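Colleague: Sharing a structure, written as structure tokens. Questions coming.
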Amino acid sequence: MEFKQAKFLKGIIRIPGDKSISHRAVMFGALSQGKTWVTNFLQGADCLSTIDCFRKMGVDIQNHGDGVLIDGNGLHGLFKPKSVLDTGNSGTTTRLISGILAGQNFTCELTGDESIQSRPMGRIMKPLAMMGADIQSIRGNDCAPLLIKGTPLHGIHYDSPVASAQVKSCVLLAGLYADAPTSVTEPALSRDHTELMLSAFGANITSEGTTATILPNPELQGQKVQVPGDISSAAYFIAAGLMVPNSEIYIKNVGINPTRDGILQVCKAMGADITYENQHTVSGEPVADLLVRTSTLHGTTIEGSLIPTLIDELPMIAILAACADGTTVIRDAQELRVKESDRLAIIVDSLTSMGVDITGTSDGMIINGGRPLHGAFIDSHKDHRIAMSFAIAALVADGITQIKDADCVNISYPDFYKDLQSLM
Ligand code: S3P
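Take the sequence shown: its position 312, counting from 1, is numbered 320 in the working numbering, and each next residue is one higher.
Take a look at the structure:
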């Protein structure tokens, strides 16, 4: 797909549902008594993989497009699937569902696409094994496919070496089936949607600092969940509005949970003109409309506990930094190497090919901004966030930018190109 420079971007965008929250709404609805009605559910391929897995375990899930109705089977009501569970490209589905499967009374196999089959699962296998789970990597490489034999589980305290909501949520979900409380401490706070939503469904779950604790065997009750817009999807329009000259974009329905809003903190530190309007709460999650205007940006340092709050936005932030005056340093972001692709390597290669002065480090990058960007050939490596980030970079580059496998945006934002076009 080809992209070229934009003269301006103007208009209103309504951001589709949050991917993390959409996954959790289906999972927790499936484990609850009664019905769960999810509105503004993200109809991206990843969330559809979650629906598919729970249908295979006997949960009645009706997808009406505008909303999803889940008739829950209760905590102990899932059935052994007749075939392998396929999580597609979705790390969230794979890791969270593994925690649930570990505590069932059946055995099943779990796999996903090529990317999923190369992503580290040792990070969940280790704490699950500590709980007594029987979980094996079929090829013995700590990656999917996984064979999970459900067993009785023990409550543990787990000191996670990574700030990962997927690891934290996996252990907490296994904790629903344990014989005693389970807690997880992480080195920095990752997104807390599991804690907020499980509590709303009736679980006894508490958080103190970077430790979350869950009590086993709750009666989960179906809920109405209104999914806020995904700040990770809004990120592309936030960046586009700031970088493209003469732009003004009103971005409606953006989830601004403080464990996710790192991009807004960074934009502010870089001198961005962003105003928050209509702040309110939906289903326990803070939401706002954002008015973004073209801004002169300057470099900044991004590190430490800020990193988990903007981990998925780093490809877009690197491009913002390339367009800012001065130097931006990103540290402590080694997790980028084990996302849907090695995002660290791909960002550095792709921005270098666009003429940016960027150096990769073991855990981040150094970007000397302010040089003009040139159109280039970008291989998305079928990574949705790489495709969307570089479609935005193309808007401020001279010449033509070609993006390979651009249709992978389907994973998290099927209407991305249509929404972008509407602003031109
Ligand atoms: C997610 C957590 C993050 C994020 C992913 C979604 C989630 O991964 O990158 O896109 O829904 O819990 P980690 O928690 O492993 O960093």
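Glycine included, C-beta positions come from ideal geometry on N, C-alpha and C. All of these numbers come straight from a predicted model, not from anything done at the bench.
1) Does H84 pass the burial test, meaning 16 or more other C-beta atoms within 10 Å, or should it be called exposed?
2) Any heavy atom of ligand 1 closer than 8 Å to the CB of G107?
3) Report whether the distance from the Cβ of H201 to the nearest heavy atom of ligand 1 is below 8 Å.
4) May I ask whether a heavy atom of ligand 1 can be found less than 8 Å away from the beta carbon of G433?
5) What do you reckon, is the C-beta of S40 under 8 Å from a heavy atom of ligand 1?
6) Leaving aside the five residues before and after G140 along the sequence, list all residues of the same chain whose C-beta is less than 7 Å from its C-beta, in chain order.
7) Note the first and the last residue of the continuous beta strand (DSSP E) segment covering P89.
8) Of all the beta strand (DSSP E) runs that stay within the bounds of the region 290-329, which reach a length of 3 or more residues?
9) Which runs of the alpha helix (DSSP H) at least 4 residues long sit entirely within the region 59-124? Give them in chain order.
10) In three-state DSSP terms, what is F11?
11) Please classify Q174 as buried or exposed, where buried requires at least 16 other C-beta atoms within 10 Å of its C-beta.
12) Any chance you could list the beta strand (DSSP E) runs of at least 3 consecutive residues sitting entirely within the region 214-241, in chain order?
13) Mind checking whether I257 and I246 have CB atoms under 9 Å apart?
14) Counting only the same chain and skipping the five closest in sequence on each side, list residues whose C-beta sits under 7 Å from that of T285.
15) Does at least one heavy atom of ligand 1 sit under 8 Å from the Cβ of R147?
16) Opposite K347 in the DSSP bridges: which residues?
17) Taking R32 as part of the alpha helix (DSSP H), name the residues at either end of that continuous run.
18) Verify the contact flag: D320, CB atom, against every heavy atom of ligand 1, threshold strictly below 8 Å.
19) Could you say which of L344, I386, V76, G42 lies nearest to F49 if we only look at CA atoms?
20) Beta carbon of L17, beta carbon of V252: below 9 Å?
21) Could you tell me whether the region 328-343 touches the region 37-44, where touching means 3 or more Cβ pairs closer than 8 Å?
22) Using C-beta distances below 6 Å, list every residue in its chain close to T193, excluding the 5 sequence neighbours before and after it, in chain order.
23) Name the residue from G279, I325, G307 whose alpha carbon lies nearest to the alpha carbon of I315.
24) So, at 6 Å on beta carbons, what are the nonlocal neighbours of N113 in its own chain, with the 5 sequence-adjacent residues on each side left out?
25) Enumerate in chain order the residues of its own chain whose CB-to-CB distance from G363 is below 7 Å, with the five nearest sequence positions on each side excluded.
26) If you follow the beta strand (DSSP E) that M396 is part of, which residue opens it and which one closes it?
27) Is it the case that the Cβ atoms of L136 and I146 are separated by a distance below 9 Å?
28) Could you check whether the Cβ of H84 sits closer than 8 Å to any heavy atom belonging to ligand 1?
29) According to DSSP, is M205 part of a helix, a strand, or is it coil?
Modeller: Well, looking at it:
1) Working through the sequence shown from its first residue, we reach residue 84 at position 76. For H84, the number of other beta carbons within 10 angstroms of its own is below 16, and it is reported as exposed.
2) On the sequence shown, residue 107 is found 99 positions in, with the first residue counted as 1. No, since every heavy atom of ligand 1 falls outside the 8 Å radius drawn around the Cβ of G107.
3) Mapped onto the sequence shown, residue 201 falls at position 193. Because some heavy atom of ligand 1 lies under 8 Å away, the Cβ of H201 counts as near it: yes.
4) With the chain covering only 9 through 432, there is no way to say anything about residue 433.
5) As a position in the sequence shown, residue 40 is number 32, starting the count at 1. Checking the Cβ of S40 against ligand 1 gives no.
6) On the sequence shown, residue 140 is found 132 positions in, with the first residue counted as 1. Non-local beta-carbon contacts of G140 in its own chain, meaning distances under 7 Å to residues more than five positions away in sequence, involve T159, P160, L161, H162 in chain order.
7) Walking along the sequence shown from the start, residue 89 turns up at place 81. Run containing P89: none; DSSP gives neither H nor E here.
8) The qualifying runs are 293-301.
9) The DSSP assignment places complete alpha helix (DSSP H) segments of no fewer than 4 residues inside the region 59-124 at 99-109, in order along the chain.
10) Here residue 11 refers to the residue found at position 3 when the sequence shown is read from its first residue. DSSP places F11 in strand when its eight states are reduced to three.
11) Counted from its first residue, the sequence shown places residue 174 at position 166. Buried is the call here.
12) The beta strand (DSSP E) runs of length 3 or more contained entirely in the region 214-241 are, from start to end of the chain, 219-222, 232-234.
13) The residue labelled residue 257 in the question sits at position 249 within the sequence shown. The residue labelled residue 246 in the question sits at position 238 within the sequence shown. I246 sits close to I257, with the two beta carbons spaced by under 9 Å.
14) Stepping through the sequence shown from its first residue, residue 285 is reached at position 277. Looking at the sequence itself, residue 285 is Glu, so the reference to Thr does not match. Only A296, D297, L299 meet the Cβ criterion.
15) As a working mapping, residue 147 is identified with position 139 in the sequence shown. Placement of the Cβ of R147 at a distance of 8 Å or more from every heavy atom of ligand 1 is found.
16) Residue 347 sits at position 339 when you count from the first residue of the sequence shown. Paired residue(s): none; K347 is not in a bridge.
17) To locate residue 32, count along the sequence shown from 1; it is residue 24. Start and end: 27-38.
18) Stepping through the sequence shown from its first residue, residue 320 is reached at position 312. D320 Cβ: within cutoff of ligand 1.
19) Locating residue 49 in the sequence shown gives position 41, counting from the first residue. Answer by Cα proximity: V76.
20) Walking along the sequence shown from the start, residue 17 turns up at place 9. Walking along the sequence shown from the start, residue 252 turns up at place 244. Contact: yes.
21) No: fewer than three Cβ pairs fall under 8 Å.
22) The residue given as residue 193 occupies position 185 in the sequence shown. Closer than 6 Å at Cβ, skipping near neighbours: D167, T218, T219.
23) Here residue 315 refers to the residue found at position 307 when the sequence shown is read from its first residue. Distance from the Cα of I315 is smallest, within the candidate group G279, I325, G307, for I325.
24) For the purposes of this step, residue 113 is identified with residue 105 of the sequence shown, where counting begins at 1. So the list reads G158, once near-sequence residues are dropped.
25) Walking along the sequence shown from the start, residue 363 turns up at place 355. Correct list, in chain order: R379, P380, L381, H382.
26) Numbered from 1 along the sequence shown, position 388 holds the residue referred to as residue 396. DSSP places M396 in no beta strand (DSSP E) but in the uninterrupted alpha helix (DSSP H) bounded by 392-402.
27) Within the sequence shown, numbered from 1, the residue matching residue 136 stands at position 128. Within the sequence shown, numbered from 1, the residue matching residue 146 stands at position 138. No, Cβ-Cβ distance for L136 and I146 is not below 9 Å.
28) As a first step, residue 84 must be located in the sequence shown, where it is residue number 76. No; taking the cut-off as 8 Å, the Cβ of H84 has no heavy atom of ligand 1 nearer than that.
29) Locating residue 205 in the sequence shown gives position 197, where the first residue counts as 1. In the three-state DSSP reduction, M205 falls in the helix class (H, G or I).
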